[in-house]
Structure formats: structure tokens, C-alpha cells
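2 protein chains.
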Amino acid sequence: MRQSKLFLKTYKEFPSYETSKNARFLIRAGFIDKLSAGIYNLLPLGFLVIEKIKKIIREELNLLGCQELLLANLHLKKYWQKTKRWDEFDVLFKIKGNLEEYALAPTHEEVIFPLIKKTVFSYKQLPLALYQINTKYRDELRAKSGLLRNREFIMKDLYSFHLNNEDLERFKKRVDEVYKKIFNRLDLKTIKTLASGGTFSKFSTEFQVPTESGEDSVYLCSNCNLAWNKEIIKKEKCENCNKDLEVYKTIEVGNTFNLGTKFSEIFEVFYLNNKNQKNIVWAGCYGIGITRVLGAIAEIYNDKNGLIWPESVSPFKVHIILLFSPNSQKNNYLFKIAENLYHKLCLYNIDTLFDDRTNVSNGEKLFESDLIGITYKIIIGERFLKSKKLELVSRKNGKIKELKINEIINFFKSKK
Amino acid sequence: MRQSKLFLKTYKEFPSYETSKNARFLIRAGFIDKLSAGIYNLLPLGFLVIEKIKKIIREELNLLGCQELLLANLHLKKYWQKTKRWDEFDVLFKIKGNLEEYALAPTHEEVIFPLIKKTVFSYKQLPLALYQINTKYRDELRAKSGLLRNREFIMKDLYSFHLNNEDLERFKKRVDEVYKKIFNRLDLKTIKTLASGGTFSKFSTEFQVPTESGEDSVYLCSNCNLAWNKEIIKKEKCENCNKDLEVYKTIEVGNTFNLGTKFSEIFEVFYLNNKNQKNIVWAGCYGIGITRVLGAIAEIYNDKNGLIWPESVSPFKVHIILLFSPNSQKNNYLFKIAENLYHKLCLYNIDTLFDDRTNVSNGEKLFESDLIGITYKIIIGERFLKSKKLELVSRKNGKIKELKINEIINFFKSKK
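These protein sequence lines are chains C and U, in that order. Residue 415, in numbering that gives the first Met the number 0, is where the first sequence stops; the numbers in between run on with no holes. Residue 415, in numbering that gives the first Met the number 0, is where the second sequence stops; the numbers in between run on with no holes.
If you want it as C-alpha cells, here you go:
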């Protein structure tokens with residue numbers, strides 16, 4: 000993509016109306032736009048990061064044998080009355096339509112259990128794992144943390160259905176492992192944390208990212224590598240080894256839940272076993288907050304100059320920055336070198352943003368590039384005239400390699 | 000994908016509660032599930048088709064230089080009051096939240112114009128074309144046509160912004176051409192139709208697919224290749240050549256609209272020209288109903304046995320159907336052949352559904368395969384034992400080619 004064509008507006012200052020680091024950086028760097036409290040538009044750069052997060056999640060869940068679908072977001076009131084959550088789910092958006100009353104989906108148990116009741120009858124159809132990536136809506140009273148707590152957000156929700164609790168617990172363990180892998184690929188160091196299981200089971204599992212601005216608190220035993228959410232902690236020492244627990248402020252980016260038979264009982268979801276006997280279906284649900292992941296990454300990966308994207312989710316793999324020479328006669332030549340490099344990278348399908356703008360100063364280009372935070376930048380300028388080498392710069396640590404054009408191409412080809 | 004693992008429930012009968020052909024076929028074949036009037040879940044097969052439609056649209060719009068983003072769906076009341084559409088947009092879902100009142104997006108002018116006001120200032124930033132693929136919500140009183148008129152649906156909406164009306168009209172013509180190309184790739188023969196421009200301009204352009212069950216009527220002059228929507232027709236003869244017009248019932252799958260300066264005036268969207276003078280921004284909007292396209296294809300491409308997917312959007316490219324031999328000793332051998340073929344097709348990234356089920360009769364497998372309607376099927380059975388050839392069958396016309404395994408692989412490789 001040529002930066003001269005990119006729909007991008009960055010700002011010299013942080014937005015005064017935002018207090019959270021993630022929103023301040025993401026708005027200033029042109030990734031998102033605030034529409035109202037807890038509600039944001041994803042601009043092209045933000046959209047690209049979200050697509051990369053989605054791709055990683057899809058790859059890992061599909062490998063696990065999960066199947067993707069898309070559930071509706073307008074749910075008739077009757078489904079939510081059946082679970083009593085029409086009245087009890089405190090952040091539920093309710094809609095009085097012309098003919099019907101609806102809940103605007105904050106989660107999808109009320110839709111997927113009736114679907115399973117209609118479609119699953121036999122033990123031969125189980126286990127079954129279905130997921131979607133969809134917008135969700137929650138009428139949060141407090142929506143002040145940028146992308147960390149929104150009224151409208153993108154979530155991956157997976158639901159699994161099983162013959163019995165043992166099979167469900169086995170699958171939940173596998174999801175826990177896959178989640179670790181997903182968060183590793185997203186460069187998020189998560190603490191796997193025991194939390195309340197709500198009304199469903201004793202414990203749920205949360206994936207918590209330590210950061211000062213987190214709304215959650217996690218108590219970790221570094222000895223046993225076990226952690227507990229503040230809400231269920233009993234003492235400040237490890238239950239196993241009695242070591243003092245370390246406390247972290249954290250952001251919850253994912254959770255895995257054993258729902259037991261709660262919703263299956265309400266919606267009467269049964270299967271016939273191999274003796275033709277009716278049994279209740281056991282179920283789990285597993286969430287990853289996708290816009291929240293975007294927020295968590297922005298919250299953690301930044302410095303005073305801007306964002307620093309992990310390579311796996313960087314909106315582009317590389318940012319070519321063409322700096323003009325004070326000897327203006329050389330500029331056409333430098334432009335040709337940059338064009339040529341851009342075409343070659345595109346040819347090898349390497350996501351490239353090319354700052355081809357001629358009406359912007361070198362200083363502004365470098366400033367904006369740091370703000371956007373693409374993992375690698377290639378700087379083409381004065382120095383090339385002498386050495387015939389380009390500077391490959393890591394946004395993370397500023398490390399510079401001087402490489403010939405074909406060496407640069409090979410560097411990025413080897414990353415595919 | 001192995002069919003033994005696929006989340007798929009087909010039905011022997013059409014659903015009694017649906018009158019429209021598209022919903023009757025799509026539900027019976029397990030592509031969608033009806034949640035309530037005008038609201039459907041996309042099951043894995045339906046989801047795959049939608050993803051293919053989206054991919055085609057994205058490829059063509061990106062080629063045209065359009066950029067993708069994702070706009071929020073919860074819009075503060077004040078934006079919709081500003082355009083007077085809070086009261087005048089008759090299918091608007093309104094939400095009374097805890098703290099705010101919202102419109103639930105039926106379209107996005109109320110959000111994108113304020114965004115452009117915040118980000119576009121100079122003639123150098125124009126023209127600009129931004130699109131999204133997002134869920135939309137409209138509280139339709141009459142929602143009886145399956146996927147053709149829904150309360151919740153997926154739409155691609157593109158908005159373009161220009162220096163003047165000439166540039167806007169030029170761009171609109173290019174979108175019209177790109178739309179033709181998109182619908183051709185989707186195997187939808189569309190009639191480009193003049194329709195009312197509403198309060199914005201004299202005419203808009205609609206892309207109408209002729210089919211008996213369509214809700215729209217189009218008058219076509221086959222001589223001049225011009226067409227008019229019923230709503231603007233003045234006489235039953237062509238305005239150009241006086242030939243009698245042909246009338247078609249149609250489904251509108253896309254439209255392109257010159258919005259003029261209407262929304263720019265309301266939201267005060269201006270740019271500075273090269274003389275630093277303030278000018279109003281001209282804008283267009285361009286829609287494609289993605290779930291409606293799914294419905295239109297299902298409505299048109301079917302026969303008494305089921306759906307018949309155009310190759311470009313078939314949920315899988317090919318369906319391997321393993322039929323068991325009456326000589327059961329040969330079945331292990333046939334299974335190995337089928338497995339081998341399946342692995343080879345997967346290796347070449349050819350989307351394959353493999354009916355590997357051992358507990359379903361040959362008749363049921365063939366019946367279900369026709370119902371699902373994947374473009375090609377490969378039948379492995381008795382006949383292979385003698386000829387060492389497989390049957391490659393076109394779902395569309397039943398044409399059979401007998402091919403060796405490597406010939407089949409080459410046939411599909413050549414399609415990549």
C-alpha cells in the first residue's frame with residue numbers, strides 16, 4: 000500500500016478526551032476513531048490488525064477441529080426469559096421493535112443451545128465444537144478503558160458439546176493449551192488463572208495479561224506456577240507450597256468455562272446413547288475478546304514515540320520510508336530505488352506500506368512511522384548513495400542492519 | 000473436511016414454515032437456520048458461501064483502490080436526529096440504553112460523514128473510497144422472503160468522497176462496471192436499472208436479478224439495453240426507440256447512489272482547494288446485500304433435487320462420495336482410494352468435502368450430495384474396481400467424465 004493513498008490521519012498530540020493508554024495511542028496513530036463512550040470505529044490500520052488477530056485464532060481453532068458459523072445478534076425476548084437473563088443480565092441491551100422485543104446479543108448461549116437441540120440427537124454427533132467471530136453488545140455503565148471495556152466489541156466465542164463431564168473437561172484442557180498458543184502467537188504473555196465458575200461449576204479459567212492499567216488482580220505463586228483471581232483468593236500464601244503470592248494487575252483476554260448442564264437443562268438438550276437412552280448434553284464455552292486483544296497489545300507494546308507491533312499482528316510487515324536528499328538531483332534516483340524495492344516486496348506477497356509522499360518532511364515521516372509502529376522499517380536516503388545499502392530498522396529496539404536490496408528481499412522471504 | 004465431522008443437519012422435507020424458495024432450500028440443505036422472522040443463523044456451509052462472496056467483493060473493491068474499515072453499529076441518537084432520520088427512517092431499530100439512546104445501524108451515513116469531517120481537510124486527500132462488510136439491522140414489517148428481506152443481514156457498503164460532481168459521477172461509473180464484474184463472478188446475471196435517486200439526485204442505479212419470485216419489477220428495452228425500475232417508469236415503451244418494454248420480476252442485489260452534497264451539508268463536510276477556498280465534499284454510496292446475494296443464488300440455482308452452486312461460491316469445490324460395494328470385501332480398498340484422493344486434493348489446497356461416513360447408505364449419500372449442491376462430485380464405487388477410473392460429475396448438468404486419479408488432480412489443479 001502506498002501511504003499517499005492510505006486513509007490515515009495521525010495526530011501530533013494524544014486525544015485529551017481519553018485516559019487509557021491503549022485508546023490514546025490507537026487514536027493518535029490513526030488505528031481507531033471514537034464514536035461515543037465505549038464505541039469505536041476501526042479505521043483501515045486497526046482493521047488490518049484485527050484481521051490478523053482473527054486469522055491466528057481461526058488457524059488454531061480449525062486445527063483443533065472447531066467449525067465456524069455466524070449466529071444472529073437479534074434474539075427474541077422469549078429465549079432470554081427462559082434463562083431468566085432477560086431480567087438478570089445487567090448489561091443487556093433490550094430493543095422494542097415494531098412487532099417483537101429483542102435482546103441485542105451480549106453472548107450467544109440463548110441461541111446456540113436451541114440450535115443444538117434442533118440438530119443434535121445422537122451420541123454419534125458428539126463431541127462438537129462450534130465458534131463464531133461476531134460483534135457483541137453490552138451496555139456497560141463504566142466504559143472508560145478504551146478498547147478494554149466496550150459497549151460494542153468483537154469477540155470469538157466457542158461452544159462445545161459433550162457426552163459427559165469427563166469428555167468436556169478433557170476438551171477444555173485442550174482449549175486451554177490452544178489459548179496459550181494463540182496468545183503466544185499474539186505476543187501476549189498470559190497468566191492462566193483460576194477464577195469463579197459462576198453458577199455453572201467451581202472454577203473457570205482466565206487468561207490474564209499483566210499490566211499496570213489492568214482492571215483485574217491476579218495472585219501468582221511463581222513456585223507452583225498457579226494463579227488465582229482476586230475474587231476467589233482465600234489467603235495471601237500459596238495453597239500448595241505456602242509461598243507468598245505475587246500480585247499483578249491484569250487484563251483478561253480470554254476465558255474457558257465449564258457450563259455443566261445448566262443451559263442444556265433449560266433448553267432440554269439431550270442425546271440418545273448407544274443403548275437408545277436419553278442423556279443430557281454437557282457443554283463448555285470459551286471466549287477471546289478480539290478488540291480487547293487489540294487494546295491489550297497497544298496498552299503493552301509502546302514507547303514514548305508510539306506503538307510497537309508484534310510481528311504477527313503488525314498492520315504491515317514492513318514500512319519503506321523514503322527520505323529526501325538535500326542534494327535534490329539525487330531524489331529521482333532514490334525514488335526509483337524505493338519503487339523498485341516496493342514492487343519486489345509486493346511480488347513476494349510481503350505486506351508493505353510505502354511512504355511515497357513527496358509533500359512531507361523527512362522528520363514528519365520518521366515521526367509518523369514510529370507512531371504507527373510497524374515491526375520493521377527500511378530507510379532509503381542519503382546513505383544509500385554511498386554504500387548502496389539500505390537500513391533495516393527494528394521498531395522494537397532500533398537495531399539497524401545495513402543490507403543490500405537482495406539481502407532485504409531474502410530476509411522477508413525467509414519470514415513467509 | 001470430512002463429512003463425518005461436519006456440523007450438518009439436512010432434512011428430508013422442505014420446512015413447512017417457509018414460503019420462499021431460497022429459505023426452503025437453504026434450510027433443508029443445512030446452510031442456514033431460522034431464529035425468528037427475518038433473522039437467520041449461518042451454519043458452517045452457509046458461512047463458507049458467505050466468506051467466498053466476501054472474498055470476491057473485497058478483491059474487486061481493493062483493485063479499484065477502495066479501503067476497508069469497520070464502523071460501529073451503535074449510533075448515538077443525536078447523529079440520526081441531525082439528518083432527521085431518527086423519526087423518518089421507518090425501519091430503524093431504536094435502543095434505550097442505561098445512559099444513552101442509540102440507533103442500531105441500518106446504514107452508516109450518520110457515522111461516516113462525521114468521520115470524514117474529522118479526518119479530511121484538503122483537496123489532496125480526495126477522492127477517497129471507504130467500505131465495510133458489516134451486519135445491518137432493519138425492523139422490516141414484512142420479512143417473508145427468506146434471505147431477501149431480513150431484519151438482520153450482512154451488507155457491503157462503500158462510500159466515496161469527491162472534489163465535485165464530475166469526479167463523483169466518473170467514479171460511480173467505475174463502480175457500476177466493477178459491480179457488473181462482481182455479479183458476473185457470482186454467476187448472477189444482473190440488469191443495470193435506473194431507479195429513483197430519492198432526495199439526493201435524479202437517478203440511482205440498481206443491479207437487479209430477474210427471477211419470478213422477485214419483489215421488484217424492471218422494464219427492459221432489449222433494443223437499447225436500458226432498463227427502468229417500475230417506480231420511475233413513465234410509459235410502457237422505450238423512451239429512446241419506442242420499442243415495447245419487457246417486464247421482469249427481479250431481486251435487487253446492489254445499488255449505486257449519487258448522494259450529492261446532502262449529508263456533507265448536514266454534517267458540514269468541507270475541503271480546502273488549492274487556493275485555500277472552502278468547498279463542499281461530494282459523496283456517493285454503493286451497497287451490495289451479501290446475505291441477499293446468498294439468497295438470490297439459492298433462489299435461482301436449484302432443481303428438484305437441491306441446490307446447484309456456481310463454482311465461484313460453492314461451499315466446497317468438490318464432494319468426494321464413497322459408495323460401498325455390495326462385495327463388502329472390496330470396501331477397505333475403495334476407502335483407501337478415497338482417502339488417498341482426499342489427501343492429494345487437500346495437499347493442493349483444493350476445498351474438498353469427503354463423505355467418509357460408513358453408517359449411511361449409498362442412496363442417502365447421493366441424495367444429500369445433490370441437496371447440498373457442491374459444483375463437482377467425484378464418485379468412488381463399484382465401477383472403479385473394473386476401470387480404475389473415477390466418475391467426475393457436474394452437479395449442474397449431471398455430465399460425467401471418467402478419469403484416472405491423476406487426471407482428476409490435474410483437472411482441479413488447473414482451476415486454481
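Glycine is no exception: its CB is placed at the ideal position from the N, C-alpha and C atoms.
Sub-7 Å separation of residue i and residue j beta-carbons
| i | j | result |
| --- | --- | --- |
| Lys248 (chain U) | Gly213 (chain U) | yes |
| Lys388 (chain C) | Glu401 (chain C) | yes |
| Thr9 (chain C) | Leu370 (chain C) | yes |
| Ile373 (chain C) | Glu390 (chain C) | no |
| Glu298 (chain C) | Lys20 (chain C) | yes |
| Lys155 (chain U) | Ile231 (chain U) | no |
| Pro340 (chain U) | Ile404 (chain U) | Checking the displayed sequence, the identity of residue 340 (chain U) turns out to be Leu instead of Pro. In this structure, Ile404 (chain U) lies closer than 7 Å to Leu340 (chain U) by Cβ. |
| Asn112 (chain U) | Val268 (chain U) | The residue asked about is misnamed: residue 112 (chain U) is Phe in this sequence, not Asn. Yes, the Cβ-Cβ distance between Phe112 (chain U) and Val268 (chain U) is below 7 Å. |
| Trp281 (chain C) | His161 (chain C) | yes |
| Thr192 (chain C) | Glu211 (chain C) | no |
| Leu167 (chain U) | Gly283 (chain U) | yes |
| Glu58 (chain U) | Thr82 (chain U) | no |
| Ile153 (chain C) | Thr290 (chain C) | yes |
| Gly145 (chain U) | Gly294 (chain U) | yes |
| Asn301 (chain C) | Phe24 (chain C) | yes |
Classification of residue i by the beta-carbon crowding that lies within 10 angstroms, buried from 16 upward
| i | result |
| --- | --- |
| Val90 (chain C) | exposed |
| Asp243 (chain C) | exposed |
| Gly362 (chain U) | exposed |
| Ile399 (chain C) | exposed |
| Lys4 (chain U) | exposed |
| Tyr78 (chain U) | buried |
| Gln2 (chain U) | buried |
| Arg150 (chain U) | buried |
| Lys415 (chain C) | exposed |
| Ser360 (chain C) | exposed |
| His342 (chain C) | exposed |
| Pro325 (chain C) | exposed |
| Gly45 (chain C) | buried |
| Tyr347 (chain U) | exposed |
Contacts of residue i in chain C (Cβ-Cβ under 7 Å)
| i | result |
| --- | --- |
| Thr134 (chain U) | Asn72 and Thr134 |
Residue(s) in a DSSP beta bridge with residue i
| i | result |
| --- | --- |
| Asp302 (chain C) | C:Gly305 |
| Lys155 (chain C) | C:Ile132 and C:Ile287 |
| Ile377 (chain C) | C:Ile319 and C:Leu391 |
| Ile250 (chain C) | C:Val208 |
| Ile38 (chain U) | U:Ser35 |
| Glu245 (chain U) | U:Leu219 |
| Gly259 (chain U) | U:Ala282 |
| Lys161 (chain U) | It is worth fixing the name first, because residue 161 (chain U) is His in this sequence and not Lys. For His161 (chain U), which the question treats as bridged, DSSP gives the partners U:Trp281. |
| Ile190 (chain C) | C:Gln207 |
| Thr9 (chain U) | Answer is none; Thr9 (chain U) lacks a bridge partner. |
| Asn224 (chain C) | Looking at the DSSP assignment, Asn224 (chain C) forms no beta bridge with any residue, so it has no partner. |
Proximal residues of chain U, C-beta to C-beta of residue i below 7 Å
| i | result |
| --- | --- |
| Pro417 (chain C) | An answer regarding residue 417 (chain C) cannot be provided, because it is not within the stretch 0 to 415 covered by chain C. |
| Phe170 (chain C) | The contacting residues do not exist; Phe170 (chain C) stays about 14 Å from chain U at best. |
Proximal chain C residues relative to residue i, where beta-carbon distance stays under 8 Å
| i | result |
| --- | --- |
| Phe112 (chain U) | None at all; the shortest Cβ gap to chain C is about 12 Å. |
| Asn40 (chain U) | Leu68, Leu69, Leu70, Ala71, Val110 and Leu114 |
| Glu151 (chain U) | Ala71, Asn72 and Leu73 |
Rounded distance between the beta-carbons of residue j and residue i, thought under 8 Å
| i | j | result |
| --- | --- | --- |
| Leu47 (chain U) | Asp32 (chain U) | 15 Å between Cβ atoms; not a contact. |
| Lys51 (chain U) | Ile132 (chain U) | Not confirmed; about 13 Å, so no contact. |
| His74 (chain U) | Ala36 (chain U) | The pair is not a contact, with the Cβ atoms about 24 Å apart (cut-off 8 Å). |
| Ile94 (chain U) | Ile94 (chain C) | 5 Å |
| Pro435 (chain U) | Ile296 (chain U) | Because chain U spans 0 through 415 in this model, residue 435 (chain U) falls outside it and cannot be assessed. |
| Leu157 (chain U) | Tyr270 (chain U) | The Cβ separation is near 20 Å, so there is no contact. |
| Thr351 (chain C) | Val252 (chain C) | No, Thr351 (chain C) and Val252 (chain C) are not in contact; Cβ-Cβ is about 29 Å, not under 8 Å. |
| Asn222 (chain C) | Cys237 (chain C) | 7 Å |
Contact set between residue i and chain C, taken where Cβ atoms lie within less than 9 Å
| i | result |
| --- | --- |
| Leu140 (chain U) | Asn97 and Leu98 |
| Pro43 (chain U) | Gln66, Glu67, Leu68 and Leu129 |
| Thr189 (chain U) | What Thr189 (chain U) touches in chain C: nothing, since even the nearest Cβ is about 26 Å away. |
Proximal residues of chain U, C-beta to C-beta of residue i below 9 Å
| i | result |
| --- | --- |
| Thr18 (chain C) | Simply none; closest approach about 18 Å. |
| Thr118 (chain C) | Phe6, Leu7, Lys8, Gly29, Asp32 and Leu42 |
Cross-chain neighbours of residue i in chain U, by beta carbon under 8 Å
| i | result |
| --- | --- |
| Ile94 (chain C) | Phe92, Lys93, Ile94 and Leu103 |
| Phe46 (chain C) | Glu67, Leu68 and Leu69 |
| Ser324 (chain C) | Simply none; closest approach about 23 Å. |
| Ser144 (chain C) | By Cβ distance, chain U contributes nothing, its closest Cβ being about 16 Å from Ser144 (chain C), past 8 Å. |
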